[in-house]
Amino acid sequence: MPWSKLPPNSTRLDRRLFAHIAAALIPLAALAFLLSYSDLERRSQEEHKRFLDYARLIGQSSAKVIARAEGYASALNSLDPQVLGDCRRVFASMREDLIEATELSIYRGEIPMCNIGLDEDGTVNERPVGAPNEAVTGPAAKTITVSRTNEATGTRIDIGLRPQTLLIAPITATAATNIGFALVDKSSAVLASHVYEETDIGSFLQIVGETRADGADFSESDRGWFVGSSTLPGTDYRVVTASRSSEHRLELWLTVLRALLPPLILLAVVFVVLRYGIQRFLLRYLSHIYSTFRQYGTGNTRARVGQLASAPPEIDLLGVTFDMMADRIERRTHDTEAALAEQRRLSRELHHRIKNTLQMIISLVSMQRRDATGPREKAALRVTLERILAIAAAYRVSYASTEGTNVALTALVHEVVEGLRGPAMLPQGRVRIQTNAGANAAEIDLDRAIPLAFILAELLPPRFDCLLPGEVVSIELSGAERIAMVISGASQINDTLDGNETGAPTSLRSRLVHAYLHQLDATCGMEDAIARLEIPLHPIPPAQTSASMH
């Protein structure tokens, strides 16, 4: 892993300590939950019973009101029909005895004789005889109708009760609770409802609408409501009570919190003491050591831990061990760098001596060539001189470089061309070298530069000798990883690397070029007066070489 990806502080003892404390807290929390479970069950049973009691209370209270209304309707049926003719007097008398009544309708047969009731503002409104009775128009009506008929006289009395009045008694009895009440008919339409929290009206009515008439007496909804349902005796109406259970759940959590508070406080105190104690006596020294490690790993080899005053002996020993190791690595690195510098110096000295020796050999061969008299002798000495010049050019370029091991390809070609122009007595302007950006940056090691110089010493002199007046030898270098060298310009040359076309044995020149090409893993093609040489800058591994041959 790179040093840059390591955390700035690798000490995790404080986090591990917190994890151990949390692990110790889990059994205590589990014990607190077990102790609170029985209390939760007891509260749940009490909640069930209380809700059913509220529903039964409302049912009994509402049944009494309905029974009184039925009794009053029967009493009116027993009166003389002439007495019932005064609607307002009868309705006022009924309201004195039955405050819950809000509608009164009297029929003789099917003919309405009286239709009177209270408006929303509480005023008495006597409707025209024959007008529809809004109290009995359907489930949407906000009244409960109690009807009694006298078969002997054909008189029917309908008393309309306001549903909200049926909830007055239970609302008064539960004023200190958060229980909601609703009176619903057989189609689950809400006739009257009451909740103490205005924000709960929507949720309460939705819960009431989802309660089935044939459902259980007590249930708990998914949204956290306790719901109780009770049927009014002798009617199709039901009373639904509901309340949120959040307060009781909160009481459970408060119970658990009270059980956990003492161990939590104790563990917090222990954690703080251990945290700052470890920070004081351990973590600050480890942080300093780790910071030194990071500096050393990122390149500052002079970073040292130094003396750790008041540190535990084990921590101090760790710092001393690192400093000793870093000092030893620094000494060995210094020795290695010194040996490498000496090796480079000796290598450059060797190259310098080889260069001087080759220069001396070049001078001797040049003198011998000038003193030679026969053409064959001069030609043989020229070939020898050109090959030595090629080797000397490679060593000159290598010695001029900083490292002394790699050779710039373009510089090598220029040096070889400059060296070969002398024996051919060719002016400088008749050789043109062109390179692209990739070839300009290309480098080749010395072991491969010498064979390349040998190949150029075999290919260029014949072209120098065949140049016609006005012709120029062109050398083009292109490529990056694999250099392509194209030599052209001598139109009269008919060069070939194969001497078998006439049946003659292969010449030394051809054998040397093929040997150098094999050494470089390079290829050379001849087409008319153009020679194309392709050279990989880096040697191909033996496995790839054998695979390419197959």
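Residue 1 is where the sequence shown starts when you use full-length UniProt numbering, and the numbers rise one by one after that.
Quick reminder that beta carbons are idealized off the backbone N, C-alpha and C, glycines included.
Does the count of Cβ pairs from the stretch 332-344 and the stretch 376-390 closer than 8 Å reach three? no
Mind checking whether Phe464 and Ala424 have CB atoms under 8 Å apart? yes
With a threshold of 16 other CB atoms inside 10 Å of the CB of Ala439, please say whether the residue is buried or exposed. buried
Residue range of the alpha helix (DSSP H) that includes Glu418: Leu409 to Ala424
Enclosing beta strand (DSSP E) for Thr102 [first to last residue]: Ala101 to Arg108
How should Asp121 be labelled, buried or exposed, when 16 other C-beta atoms within 10 angstroms of its C-beta is the threshold for buried? exposed
Could you check the C-alpha separation between Glu415 and Met526 for me, to the nearest Å? 24 Å
Beta-carbon separation of His514 and Leu497 under 8 Å? yes
If we call anything under 8 Å between Cβ atoms a contact, is Tyr399 one with His352? yes
If you draw a straight line from the alpha carbon of Met324 to that of Gly277, how long is it in whole angstroms? 29 Å
To the nearest whole angstrom, what separates the beta carbons of Ala449 and Ala392, a pair I think is in contact under 8 Å? In fact, because the Cβ distance is near 12 Å, the residues do not count as touching under 8 Å.
Return yes when the Cβ of Ser491 is within less than 8 Å of the Cβ of Ser474, no when it is not. no
Proximity to Gly209 [Cα-Cα], best of Thr235, Ile179, Thr241 and Leu232: Thr241
Mind checking which residues open and close the alpha helix (DSSP H) that includes Ser366? Pro313 to Asp371
Buried or exposed for Gly27, please, with buried defined as at least 16 other CB atoms from any protein chain shown within 10 angstroms of its CB. A small fix is needed here, since residue 27 is Pro in this sequence, not Gly. Exposed, because fewer than 16 other Cβ atoms sit within 10 Å of the Cβ of Pro27.
Can you check the stretch 467-541 for any alpha helix (DSSP H) of at least 4 residues that lies completely inside it and give the ranges in chain order? 508-520
Inspect the beta-carbon positions of Val117 and Leu104 and report whether they are closer than 8 Å. Here residue 117 turns out to be Gly, not Val, going by the sequence shown. Yes.
Where the alpha helix (DSSP H) containing Asn150 begins and where it ends: Where Asn150 is concerned, there is no enclosing alpha helix (DSSP H), although the beta strand (DSSP E) it sits in stretches over Ile144 to Asn150.
Could you tell me whether the stretch 353-371 touches the stretch 311-331, using the rule of 3 or more Cβ pairs below 8 Å? no
Limits of the alpha helix (DSSP H) - the one that Pro427 falls within: From DSSP, Pro427 is part of no alpha helix (DSSP H); its letter is neither H nor E.
Within 8 Å, strictly: CB atoms of Ile315 and Tyr285: yes
Do Pro461 and Ile493 count as a contact pair if the criterion is CB distance below 8 Å? no
Which partner residues does Asp158 have in the DSSP bridge list? Ser105 and Ser147
What does DSSP give as the partner residues of Ser188 in its beta bridges? Its beta-bridge partners do not exist; DSSP assigns none.
By DSSP, does Thr153 sit in helix, in strand, or in coil? coil
Does DSSP classify Glu120 as helix, strand or coil? coil
Whole-angstrom Cβ separation of Ser230 and Arg56, contact assumed at under 8 Å? 5 Å
Is Met360 buried or exposed, if buried means 16 or more other CB atoms sit within 10 Å of its CB? exposed
In the DSSP assignment, find the unbroken beta strand (DSSP E) run with Thr231 in it and report its ends. Trp225 to Thr231
Taking Cβ positions, are Ile157 and Leu98 nearer each other than 8 Å? no
Unbroken beta strand (DSSP E) run spanning residue 557, endpoints: Nothing about residue 557 can be read from this structure; the chain reaches only from 1 to 550.
Should Val270 be labelled buried (16 or more other beta-carbon atoms within 10 Å of its own) or exposed? exposed
Using only the alpha-carbon positions, how far apart do Leu79 and Gly228 sit? 42 Å
Determine the burial state of Asn300: buried for a count of at least 16 other Cβ atoms within 10 Å of its Cβ, exposed for fewer. exposed
Run through DSSP, which three-state label would Pro375 get? helix
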